[in-house]
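Below is one structure, written out as structure tokens; the observations come after it.
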Amino acid sequence: MQSADVIQKELQCSQCAGQRIYDPAQQCLVCDSCGTPERLETPDDHKAEAEFPYDPNAGGEDPRTTDAQVVHHCEGCGGDVVFVGASLSERCAYCDGPVVLRQGDSAFETMALIPYRVTRDTAQAAAEAWVGKRFAAPSDLAGIVARARVAGIYVPFWTFDSDEAVEYWASYTVRRGKRTSRRRTSGQMQVSFNDLLVPASPHVTPLIRDGILHEFDPRRLRPFRPGYIAGFAAEQHHQTVAEGLAANEADKDLLMRNKIKRDVGKSGVRDIRYHTHTSGIHYRRILLPVWILHYTYAGRAKKVVVCGIDGRAYGERPFSVWKLAGYSALVSAATVLFGLAWGAGGLL
Amino acid sequence: MEELIGPALAGLALVVCATAVGIPMIRKLVMVHEARHELRYGSAGFLRNLAGWSVIGFWLLATWFAATIIGDWGQTGDLDGAIARSWLRLQIVLEIVAALAQAD
């Protein structure tokens, strides 16, 4: 983050000295007082796509920067968010819990971000529409969600590239007539991961990431400028690259095993073991815009997250046990009737 | 008519049991449906949410298999014979169960 003076200068309207905030609809800074817009694009914007190499054997990490900004620390979920300019809420953007103010935060420099394109109203409608389309949801859920409001926050993410030279061993099923047996196999393959998105915040789960971020276009990245986050909360990057890679291990392992299954190309692939030589690691520390809608159902806090880039929604939802039981009864009755008819007909 | 009371009660009990067992299966079915339509194809979340879908098939096959015995019993009035005649069907059901487990 830049110094408070520099930030203040960028956020001050050149016409009336009023405070400016970022408007997703116009995709520029807009003065709160006189409405004068100002574009934030620069000729160097394309440089935001740049990735940075990382050698795990070389050691050494980027230096953290400590700035004098006020950090809003949530006493509920432990989230730390910052606001550029005036803070917009005394509640945590992640969990809606109460926040306390702290001075200064030690964080890593954000390299780039994708600015908001989806407005608050559109996000609210998307979240409500998502909830409205849930099968077997409680009947009162839509009303509860309609009373909740979305909060905008820039969430820290990693993008990772890597090249993997994989050697694997596995077994698969072979059928011969009525007999089945297991066969062992092994192989080698090359796998490249490109722009693997990894949440750098414990508040956004990989499942929510896979629900809202279907396409990541690095050409939409912009160099970090305080003006882009004026009017929104932002969480800074606190993970080292090694910690980011470690956080991605479980997902990478699952994807690797799935690729091995496809490489073997047989049925019943099990007992997969592999080792991989990883090279060409490149990363970016970026911020991505999301709208989070909090609601509480049956005493449990839940959230629906809307992508601030394209408005795609995904989240946590409760189920109605009675509706599940109703659907189950219908399917069970149909299956039993089919079975009864089959048995009564003397088939097989 | 009296000989149908046993199979009818057994069929009813089967519907009740299958309904109770089916509640988490329907929940899984909804989650699989949502994952297929809403999660990024091939992503880690997509793979995790789809894993375990075969239990839905096991539930339906088990329910159907038990119902076929009851149907046979109701038609012939011979429960022991119905069970004996279901062995071949059971083998086929087990083959399908094994195939589902392999595909999951």
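Here the protein sequences come in this chain order: A and B.
Take 1 as the starting number for the first sequence in our numbering and just add one per residue.
Take 1 as the starting number for the second sequence in our numbering and just add one per residue.
For each residue, glycine too, the CB sits at the ideal point set by N, CA and C.
Item	Value
Using a beta-carbon distance below 9 Å, is Arg96/B in contact with chain A?	Here the sequence assigns Ile to residue 96/B, which means Arg is not the residue at that position. By this cut-off, Ile96/B is not an interface position.
Tell me where the beta strand (DSSP E) around Pro289/A begins and ends.	270-297
What's the C-alpha gap between Glu215/A and Ile281/A?	21 Å
Can the beta-carbon of Ser106/A be found closer than 9 Å to that of His238/A?	yes
Across the region 282-291 of chain A and the region 209-228 of chain A, are there enough close Cβ pairs to call them in contact, namely three or more that are closer than 8 Å?	yes
Does the distance from the C-beta atom of Tyr54/A to that of Leu245/A stay below 9 Å?	yes
Given a cut-off of 9 Å, decide if Gly18/A and Cys28/A are closer than it, judged by their beta-carbon atoms.	no
Using the three-state DSSP reduction, which class does Arg220/A fall into: helix, strand or coil?	helix
Residues of the region 312-342 of chain A with a CB closer than 8 Å to any CB of chain B: list them in chain order, please.	Tyr314, Phe319, Val321, Leu324, Ala325, Tyr327, Ser328, Ala329, Val331, Ser332, Ala333, Thr335, Val336, Leu337, Phe338, Gly339, Leu340, Ala341, Trp342
Please list the terminal residues of the continuous beta strand (DSSP E) segment that includes Val82/A.	80-83
When the Cα atoms are used, what is the spatial distance from Ala298/A to Lys133/A?	20 Å
Taking only beta carbons into account, state which residues of the region 63-74 of chain B come closer than 8 Å to chain A, listed in chain order.	Thr63, Trp64, Phe65, Ala66, Ala67, Thr68, Ile69, Ile70, Gly71, Asp72, Trp73, Gly74
Along the region 34-47 of chain B, where does the CB come closer than 7 Å to a CB of chain A? Name the residues.	Glu38, Leu39, Arg40, Ser43, Ala44, Gly45, Phe46, Leu47
Excluding five sequence neighbours on each side, which residues of the same chain lie with their C-beta closer than 8 Å to the C-beta of Ile212/A?	Val290, Val305, Val306, Cys307, Arg312, Ala313, Tyr314
Using CA coordinates, which residue listed in Asp44/A, Lys9/A, His72/A is at the minimum distance from Ala233/A?	His72/A
Examine chain A for any beta-carbon lying closer than 9 Å to the beta-carbon of Met25/B, and answer yes or no.	yes
In chain order, what residues of the same chain have a beta carbon less than 6 Å from the beta carbon of Ala123/A, not counting five sequence neighbours either side?	Val150, Trp291, Val306
Please confirm if Gly11/B has its CB atom under 9 Å from at least one CB of chain A.	yes
Just to make sure I have the definition right: I need the residues of chain A whose C-beta is within less than 7 Å of the C-beta of Leu14/B. Which are they?	Val336
Would you list the residues sitting across from Lys323/A in a DSSP beta bridge?	Partner(s): none; Lys323/A has no beta bridge.
Which residue marks the beginning of the alpha helix (DSSP H) containing Cys17/B, and which one marks its end?	5-38
Give the range of the beta strand (DSSP E) segment to which Lys303/A is assigned.	300-307
Measure the C-alpha to C-alpha separation of Thr180/A and Arg91/A and round it to an integer number of angstroms.	60 Å
Per DSSP, what are the beta-bridge partners of Pro53/A in this structure?	His282/A
Can you look up Gly345/A in the DSSP assignment and give me helix, strand or coil?	coil
Residues of chain A with CB under 8 Å from Ala84/B, in chain order?	Within 8 Å Cβ-Cβ: nothing; Ala84/B doesn't reach chain A, min ~13 Å.
So for Leu196/A, helix, strand or coil by DSSP?	strand
Look at the alpha carbon of Leu61/B and the alpha carbon of Val191/A, and state the distance between them as a whole number of angstroms.	39 Å
Residues of chain B with CB under 7 Å from Pro206/A, in chain order?	Ala44, Gly45
Between Val81/A and Arg317/A, is the Cβ-Cβ spacing less than 9 Å?	no
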